[in-house]
Structure formats: structure tokens, C-alpha cells
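To start, the structure under review is shown below, and the notes come after it.
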Amino acid sequence: MKRFDINGWVRPNILAMEPYSSARDEFKGEASVYLDANENPYNTPYNRYPDPMQWKLKERVAEVKSVPKDSILLGNGSDEPIDLIIRAFCVPGKDSILTLEPTYGMYQVAAEVNDIYCKKVKLTADFQINLPELLAAIDATVKVIFICSPNNPTGNSLKRSDIYKILDSFEGIVVVDEAYIDFSADSSLSKNLNDYGNLIVLQTLSKAWGAAGIRLGMAFASPEIIAVLNKIKYPYNVNQLTQEKALEILNNQSKMEEQLKAILEERTRLQQELNNLPLIMKIYPTDANFILVRVDDANAVYAKLASDGIIVRNRNKVTLCANCLRITVGTPEEDDALLKALRKM
Ligand code: PMP
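Following this note's numbering, the numbering of the sequence shown begins with -13 at its first residue and continues without gaps.
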């Protein structure tokens, strides 16, 4: 087990502060009359505040993900834990996070909102980690390293051995964002939570589980790290409707698996079909539910597709992604519409 002295890394003011204690925090048992939270007594059950710790849902997440309950934080999407982690560990105006570019844009945005500098280390031309450059970029201001694997927008998984090297050599927090892990053959890093006290793994119901609309993200880490994030989250950060729907979705794992299988088959077909199109100059390998492709003129292809009512993500301006489009794998019908439009160009 790599030891992590959390007290040396949490922002001193957060370490020192008393968290808000909500009505539902203070009384946890079962009672017949609730007059403690200034709720309207009618319109049950949604007149009541939800469980601030979402224990029923966490029990199911713990089973599905094989992670202990007290190692789980649930959030309003995984964007919430990204923000919480930055706020918990980085001092505004002083500290920084480190990201591997190109990657998911919210790490930088969440950092900048909090007046935290975002240091960027470029991935190599094949979108892998440049380990010497990354290690050289670590200085005393870097408190959190964000690693997205499979990576958005490139689609590939980052080498597991490189991730382990970072976990071994960096003393601060290492976040591995696994939003797309269900589409990959790799296992989750959550199985390594006991090996690395500085590891936080992020997952979400927004992708393979088909529930982007309900906003349910998950962070897995040591109970000490989870306790710090709990201390600063909004008291009722996951609403009752989301808690109920998420439980229903997680209780129907076979539906997700069926859809996952269909998406993976369709991903292979879409790769093959794109490969036959002269317009597509390069198809990057993917472990996610999207495919990054390079074309001659991404702006022009994007605009033509949009005029046909087909929207892909133009990544032309992103580091190492000149003239690249990111295409989400849709239904066979949706992908046929895309292919038809591309063939006519
Ligand atoms: N991480 C990555 C890599 C993503 O691509 C996304 C969404 N596109 C998120 C996190 C956030 O997902 P959500 O807030 O829906 O859980």
C-alpha cells in the first residue's frame, strides 16, 4: 500500500473548517413525525429532502462496482467530483493541476473557475503519456494530476504501466477518469484503491449506462479522501429523483450490457465503413463509444454534415487534433445517415 498523508495535501482551510450539518445529517434513524427540516408536510415523498449520503444507492453501486460503500462519493455527474477534488486539494492563486493534452476540457475549466493554474503536458503523437515530460513538469504547486483513460477526445486507453508509474512517483492526488471504461476491454483501476492511497477513480452513468440526463457521477477513493469530499459537497447534491432512477438503472444491469454489446458491434461496423471512405484520412484506435477521425478540412465536413442535420464534434482547434472530428457511435440508422452524408461529399 502506498501511504498518502492526506493532511499534508488537503487545503489547510478545508482541513480546519466545520462542515454544514443538515437536518437529515443530525437525525439518522427512523421516526414517525419529521418536523426538523422546514419541509411542506404534503406531496410525499418528494416534499422530503433526500438522503444526503445516498446510502441505499451507494449499497448498489458498491455491489456493481466491487468498491466498499465508504470509498464512494456520488455527485451531480462526474463533473461534480472533478470540481470538488480541485477545491479540496488546490489553494486558489497558488496551486496547480496537471493535465495531459488533448483531454476532457472540464479539468481546466474547473481549475480556472477556482483560480487554479492548469499545467498541460502534451501526449505523444500516438496519444500516449510522455512520461519524462510529465515527471519534469511536476513541481511543488502541482497537487492533482488528471489522467483520462480511455481518453476524450482521442478514444484510446493510456498505457496502464505509465499510469502505475505516475501513481508510484507522484505524492499528490492522481485522478483516473474512467467515464468510458465500460467500452474498453481494460479493467477499472478501482481494483487498485488499496494499493494507492492517492488514487481517485471517476466513473459515470452518463455513457454506457445510458443515463446522462439524470446526472449521476461516481468517485472511488480511500475513505479518508471521500470524507474530505463529503465535507465540502452541497448537502443534498444528488436529488431524490436521480437516486431512485439510478437505483432502478443499476438494478437492470442486463439492459446496459445488451446496449453495450450493440454499441461495440456498431463501433466496429462504423470503423469499417469509415475506412472505406476516401474522405477519411485517418481513423484513430478507440476504446470508447466514439471514434476520432482526421479529414482534409474538418470545418468544411462539419458544416456540410450540420447542414444535413447531422452533428459531430469538431475538434479541429484542439491540441494534436487538427482537422479531426469526434464521432459518437449512434444507432445503426443514425450511423447510416452519417455515412450516407459523408459518401455524398
Ligand atoms: N469525464 C469525461 C472524460 C467525459 O467525457 C465526461 C463527459 N463528456 C465527463 C467526465 C462528465 O460526465 P458526467 O458529468 O456526465 O458524468
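Glycine included, every Cβ here is placed at the ideal spot set by N, Cα and C.
In the DSSP assignment, find the alpha helix (DSSP H) that holds residue i and state where it starts and stops.
| i | result |
| --- | --- |
| alanine 171 | Here alanine 171 belongs to no alpha helix (DSSP H), and DSSP marks it neither H nor E. |
| isoleucine -8 | Isoleucine -8 -> no alpha helix (DSSP H), and no H or E assigned at all. |
| glutamate 45 | 41 to 51 |
How many angstroms separate the CA atom of residue i from the CA atom of residue j?
| i | j | result |
| --- | --- | --- |
| threonine 254 | cysteine 307 | 22 Å |
| asparagine 238 | alanine 171 | 21 Å |
| valine 214 | aspartate 282 | 48 Å |
| alanine 96 | leucine 246 | 30 Å |
| leucine 121 | serine 155 | 8 Å |
| leucine 109 | isoleucine 124 | 15 Å |
| proline 333 | leucine 324 | In the structure as shown, the chain starts at -13 and stops at 331, and residue 333 therefore has no counterpart that could be examined. |
| phenylalanine 132 | glutamate 12 | 35 Å |
| valine 128 | phenylalanine 113 | 22 Å |
| proline 271 | asparagine 142 | 6 Å |
| arginine 46 | asparagine 302 | 41 Å |
| alanine 197 | leucine 191 | 5 Å |
| asparagine -1 | glutamine 189 | 28 Å |
| lysine 51 | lysine 177 | 9 Å |
| glutamate 234 | glutamine 40 | 14 Å |
| tyrosine 182 | leucine 311 | 36 Å |
| lysine 330 | leucine 278 | 20 Å |
| aspartate 69 | tyrosine 93 | 8 Å |
| valine 19 | glutamate 25 | 12 Å |
Give me whichever residues DSSP pairs with residue i in a beta bridge.
| i | result |
| --- | --- |
| glycine 61 | Gly203 |
| arginine 299 | Arg312 |
| valine 214 | BP columns for valine 214 are empty, so no partner. |
| leucine 185 | Val160 |
| valine 128 | Ser82 |
| threonine 190 | Gly203 |
| cysteine 134 | Asp163 |
Tell me which residue opens and which closes the beta strand (DSSP E) that residue i is part of.
| i | result |
| --- | --- |
| aspartate 11 | Careful: aspartate 11 lies outside any beta strand (DSSP E), inside the alpha helix (DSSP H) at 9 to 12. |
| serine 333 | Lying before the first or after the last residue shown, residue 333 is absent from the chain, which here runs from -13 to 331. |
| threonine 254 | From DSSP, threonine 254 is part of no beta strand (DSSP E) but of the alpha helix (DSSP H) over 239 to 261. |
| methionine 267 | 266 to 269 |
| lysine 105 | 103 to 108 |
| valine 279 | 276 to 281 |
Spatial neighbours of residue i within its chain, please: C-beta separation below 7 Å, excluding the five flanking residues on both sides.
| i | result |
| --- | --- |
| leucine 117 | Asp148 and Lys151 |
| isoleucine 102 | Ile72, Cys76, Pro78, Asp81, Ser82 and Ile83 |
| methionine 267 | Arg280, Val281 and Asp282 |
| tyrosine 6 | Pro221 |
| glutamate 66 | Gly203 and Asn223 |
| asparagine 137 | Thr89, Phe113 and Leu144 |
| glutamate 119 | Val107 |
Tell me which residues share the same chain as residue i and place their Cβ nearer than 8 Å to its Cβ, disregarding the 5 neighbours each side in the sequence.
| i | result |
| --- | --- |
| isoleucine 71 | Val130, Ile159, Val161, Ile186, Ala205 and Leu215 |
| alanine 23 | Ser8, Ala9, Arg10, Arg34 and Tyr35 |
| serine 179 | Looking at the sequence shown, residue 179 is not serine but leucine. Within the same chain, leucine 179 has close Cβ partners Val53, Ser57, Leu185, Val187, Phe206, Ala207 and Ser208. |
| asparagine 275 | Tyr166, Phe169, Lys193, Ala194, Ile249, Arg253, Thr314 and Val315 |
| alanine 327 | Lys290, Leu291, Asp294 and Ile296 |
Under the criterion of a Cβ to heavy atom distance below 6 Å, does residue i qualify as lining ligand 3?
| i | result |
| --- | --- |
| tyrosine 90 | As far as ligands go, the structure on display features ligand 1 and does not contain ligand 3. |
To which residues of the same chain is residue i closer than 6 Å at the C-beta, ignoring the five residues directly before and after it?
| i | result |
| --- | --- |
| isoleucine -8 | Glu210 |
Is the number of C-beta pairs between the region 221 to 234 and the region 60 to 70 that are closer than 8 Å three or more? Judged by Cβ distances under 8 Å, the region 221 to 234 makes contact with the region 60 to 70, as three or more pairs qualify.
Evaluate contact between the region 72 to 84 and the region 257 to 264, counting only Cβ atoms and requiring at least three cross-stretch pairs below 8 Å. No: fewer than three Cβ pairs fall under 8 Å.
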